[in-house]
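Numbering (our numbering), first residue to last: 6 to 614.
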Amino acid sequence: MCGIVGYIGSKAASDILVNGLRRLEYRGYDSAGVAVLHDGAIQLRRSAGKLSVLEDLLKKQPVQGTLGLGHTRWATHGRPSEENAHPHTCCKGEIVVVHNGIIENYVELKKRLMEKGHAFKSQTDTEVLAHLVEEAYDGKDLTGAVRKALKQVQGSYAVGVLASKDNSRFVAARKDSPLVLGLGENEMFLASDVPAILPYTRKVIFLEDGDVAELSQKAVKITDLEGHPIERRVQTIIWDAVMAEKAGYKHFMLKEIYEQQVTVRDTFRSRINLEEGRVSLEENLPFDVAKKLPKICLVACGTSYHAALVARFWFEELAGLLCDVEIASEYRYRRSKKEPGTLVVAISQSGETADTLAAMRDSKSKGLPTLALCNAVGSTATREAEYTLMTHCGPEIGVASTKAFTGQLAALFLLALYVGQAKGTLHPELLRTLLEGLSHLPLAISGALNNAPQVEEVAKKMFRKTNFLYLGRHLNYPIALEGALKLKEISYIHAEGYPAGEMKHGPIALIDENLPVVAIATESSVRDKMLSNMQEVKARGGIVIAVANEEDADVTRQADYLLSVPQVHEALAPIITIIPLQLLAYYIAVLRGCDVDQPRNLAKSVTVE
Numbered sequence: 006m007c008g009i010v011g012y013i014g015s016k017a018a019s020d021i022l023v024n025g026l027r028r029l030e031y032r033g034y035d036s037a038g039v040a041v042l043h044d045g046a047i048q049l050r051r052s053a054g055k056l057s058v059l060e061d062l063l064k065k066q067p068v069q070g071t072l073g074l075g076h077t078r079w080a081t082h083g084r085p086s087e088e089n090a091h092p093h094t095c096c097k098g099e100i101v102v103v104h105n106g107i108i109e110n111y112v113e114l115k116k117r118l119m120e121k122g123h124a125f126k127s128q129t130d131t132e133v134l135a136h137l138v139e140e141a142y143d144g145k146d147l148t149g150a151v152r153k154a155l156k157q158v159q160g161s162y163a164v165g166v167l168a169s170k171d172n173s174r175f176v177a178a179r180k181d182s183p184l185v186l187g188l189g190e191n192e193m194f195l196a197s198d199v200p201a202i203l204p205y206t207r208k209v210i211f212l213e214d215g216d217v218a219e220l221s222q223k224a225v226k227i228t229d230l231e232g233h234p235i236e237r238r239v240q241t242i243i244w245d246a247v248m249a250e251k252a253g254y255k256h257f258m259l260k261e262i263y264e265q266q267v268t269v270r271d272t273f274r275s276r277i278n279l280e281e282g283r284v285s286l287e288e289n290l291p292f293d294v295a296k297k298l299p300k301i302c303l304v305a306c307g308t309s310y311h312a313a314l315v316a317r318f319w320f321e322e323l324a325g326l327l328c329d330v331e332i333a334s335e336y337r338y339r340r341s342k343k344e345p346g347t348l349v350v351a352i353s354q355s356g357e358t359a360d361t362l363a364a365m366r367d368s369k370s371k372g373l374p375t376l377a378l379c380n381a382v383g384s385t386a387t388r389e390a391e392y393t394l395m396t397h398c399g400p401e402i403g404v405a406s407t408k409a410f411t412g413q414l415a416a417l418f419l420l421a422l423y424v425g426q427a428k429g430t431l432h433p434e435l436l437r438t439l440l441e442g443l444s445h446l447p448l449a450i451s452g453a454l455n456n457a458p459q460v461e462e463v464a465k466k467m468f469r470k471t472n473f474l475y476l477g478r479h480l481n482y483p484i485a486l487e488g489a490l491k492l493k494e495i496s497y498i499h500a501e502g503y504p505a506g507e508m509k510h511g512p513i514a515l516i517d518e519n520l521p522v523v524a525i526a527t528e529s530s531v532r533d534k535m536l537s538n539m540q541e542v543k544a545r546g547g548i549v550i551a552v553a554n555e556e557d558a559d560v561t562r563q564a565d566y567l568l569s570v571p572q573v574h575e576a577l578a579p580i581i582t583i584i585p586l587q588l589l590a591y592y593i594a595v596l597r598g599c600d601v602d603q604p605r606n607l608a609k610s611v612t613v614e
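Next up, the structure:
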């Protein structure tokens, strides 16, 4: 996740670009850069680190011009460095590109371009775009060249492109990544989020998937990838500063649910190599340490605990490593002994959760190695742990965790694969298959989010219910727990998550015509058993809401309501099946008039025991 700003007009572009990027700092980043066109030459300034480093560079090496692009990057493909920072250029330095998203087929595109003689200067997937535009550009039609380039791309993108031979325009396009145009008086703006351009204009156009926009000083022209003209509504922003950060969403929680297609991707991108079929976490956990691990113990609270429960399957079934999962608030009081060398992983979104910190400190006092899995740079957990693995989710404002949960799942999945890779217990072909599945996960998340209207319709029929039962098996049992937690957190409805095989050992007594039962029944090794559980619910008059793969006729026949999700590799299913459950909780809470972002009695960071 990163920030994009673009400008064409009569003012100094560098000032507007830097100011806009500063307003996007809340999104998180580790490098920044600007490219400004002046007298047919592109002036490129980039730096690793915070925006202040770039500002110092611009003071020493100022740029001139009224047309430019700026970017803040959170390292994905390639480490944080000047050469990997955006903007990126083509071989001749005549095409400039900034990009949010992922080019899923960049490996094959890069190979083809290198065979044609293109020289690459960075480790990023983004640079491929600059070379593709270079190949297609005839020196006159920049917009057409961008369209030709994007037709070759698989994946998601929000891009800004300018050319040194054209000082009259720049081009923007989007697919599955947000981008907004700002319309001023004889000046036009581009940004990945509204706050960047609010000081200059409140007239905006939100681009939609497949849009390609050409911005000149006095006009905006929008087409599709085939060049057909498109009309988009000009909107006037009346938000205050906080609403602007919501990007038009009614609540932060909804915004953060939709950000997951980006935050999950950002958590894994720089850490996998699809060409070699490897996971690279040496900077987070030394290879020799991972290779010799006798056991792992995951400690966490609340939502993070549910992520740990999912990860136990990954460590045991994929990495072949014994794994304990502990509720952090109970960990210190059990007086259990861990095998020497056991890695204790403390999972916390904020890195300040008191119980989790206490469990980590207790482990350290016993001489056990510790790793903090966290979303907050510089937090107590990251300072005190021996090793650190960050999720790349950006600030999470909604108290009920959504994107931080899936970010934790993505990071834990990587850690399990890395350990299996280091210990030699994970077959290389299976590792490659899992990495391929992981690389396509953001697209599947986007598909699940596209079914939000379906979820909202179910919520309209269920929001007056007073009790819910969530059922799951194997990897999806923890997702049943998390789905129930989300509902009770923000709607104040009693909900219980349960392993489906245990339903007949008690909860089946609760089932009648008034009880909604959410059954997670995606394609898996336990799907048929879930179908049997659904039949048991139906036989007792219960209401079945099934989370299942699209076009699963067997599930459809059993269910009263269907929440469909795209099919992914079984190991990755939890990251997909939680999406409709987050949405269901959200829509039910809204319909009940609850404070979604700040539910009663809850805090974002629990810093007391």
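For glycine and all other residues, C-beta sits at the position ideal for the given N, C-alpha and C.
What residue range does the beta strand (DSSP E) around residue i cover?
i	result
His-76	72-78
Ser-569	566-570
Met-395	392-395
Tyr-475	472-477
Met-193	193-196
Val-166	160-168
Ala-228	Before going further, note that residue 228 is Thr rather than Ala in the sequence given. Run containing Thr-228: 225-228, per the beta strand (DSSP E) assignment.
Ser-15	Segment: none, Ser-15 is in no beta strand (DSSP E) and carries neither H nor E.
Glu-88	Unbroken run through Glu-88: none, as it is neither H nor E.
Does the beta-carbon of residue i have 16 or more other beta-carbons within 10 angstroms, so that it is buried, or is it exposed?
i	result
Glu-614	No answer about Glu-614 holds up, because its pLDDT of 48 lies below 50 and its placement is not dependable.
Gln-540	exposed
His-233	exposed
Asp-198	buried
Thr-272	buried
Gly-346	exposed
Thr-148	buried
Ser-275	buried
Asp-3	As displayed, the chain neither begins before 6 nor continues past 614, which places residue 3 out of reach and without an answer.
Pro-204	exposed
Report yes if the CB atom of residue i is closer than 9 Å to the CB atom of residue j, and no otherwise.
i	j	result
His-510	Phe-473	no
Val-463	Thr-527	no
Leu-184	Phe-211	yes
Leu-454	Ile-584	yes
Pro-521	Ile-495	no
Ser-36	Ala-53	yes
Phe-292	Ala-427	yes
Val-2	Leu-298	Because the chain in this structure spans residues 6 to 614, residue 2 falls outside the shown range and cannot be described.
Pro-483	His-311	yes
Val-330	Val-349	no
Leu-431	Ile-277	no
I need the straight-line Cα distance from residue i to residue j, nearest angstrom please.
i	j	result
Arg-152	Arg-27	30 Å
Ala-449	Gly-442	10 Å
Asn-191	Glu-213	24 Å
Ser-309	Ser-384	16 Å
Met-365	Cys-599	35 Å
Ile-332	Tyr-338	11 Å
Gln-459	Cys-95	44 Å
Ser-355	Ala-409	9 Å
Leu-357	Leu-373	Leu is not the amino acid found at residue 357; the sequence shown has Glu there. Those two C-alpha atoms are separated by around 20 Å.
Gly-45	Asp-171	8 Å
Asn-24	Val-39	12 Å
Leu-195	Val-176	9 Å
Thr-241	Leu-186	12 Å
Phe-418	Val-294	18 Å
Ala-553	Leu-568	6 Å
Lys-251	Ser-353	24 Å
Since residue i is in the alpha helix (DSSP H), which residue starts that stretch and which ends it?
i	result
Pro-183	Segment: none, Pro-183 is in no alpha helix (DSSP H) and carries neither H nor E.
Tyr-310	307-322
Arg-51	No alpha helix (DSSP H) contains Arg-51, which is instead part of the beta strand (DSSP E) from 46-53.
Phe-418	408-428
Asn-24	18-27
Lys-208	It is not in any alpha helix (DSSP H) - Lys-208 instead sits in the beta strand (DSSP E) that spans 208-211.
Thr-272	265-273
Would the segment 488-499 and the segment 511-518 be scored as touching if the rule is three or more Cβ pairs under 8 Å?
no
- So does the segment 554-567 actually touch the segment 527-538, counting three or more Cβ pairs closer than 8 Å? yes
Taking one C-beta from the segment 385-393 and one from the segment 361-374 each time, how about it: are there three or more such pairs within less than 8 Å? yes
Is it a yes or a no for the segment 398-407 touching the segment 247-265, going by three-plus beta-carbon pairs under 8 Å?
-> Taking a cut-off of 8 Å on C-beta distances, the segment 398-407 touches the segment 247-265, as three or more cross pairs fall below it.
Would the segment 85-94 and the segment 122-135 be scored as touching if the rule is three or more Cβ pairs under 8 Å? Three or more Cβ pairs drawn from the segment 85-94 and the segment 122-135 lie within less than 8 Å of each other, which places the two stretches in contact.
Note to self: Three Cβ pairs or more, each shorter than 8 Å: is that satisfied between the segment 92-111 and the segment 131-146?
What the structure shows: yes
With a threshold of 8 Å, are at least 3 pairs of Cβ atoms found where one atom belongs to the segment 51-70 and the other to the segment 95-106? no
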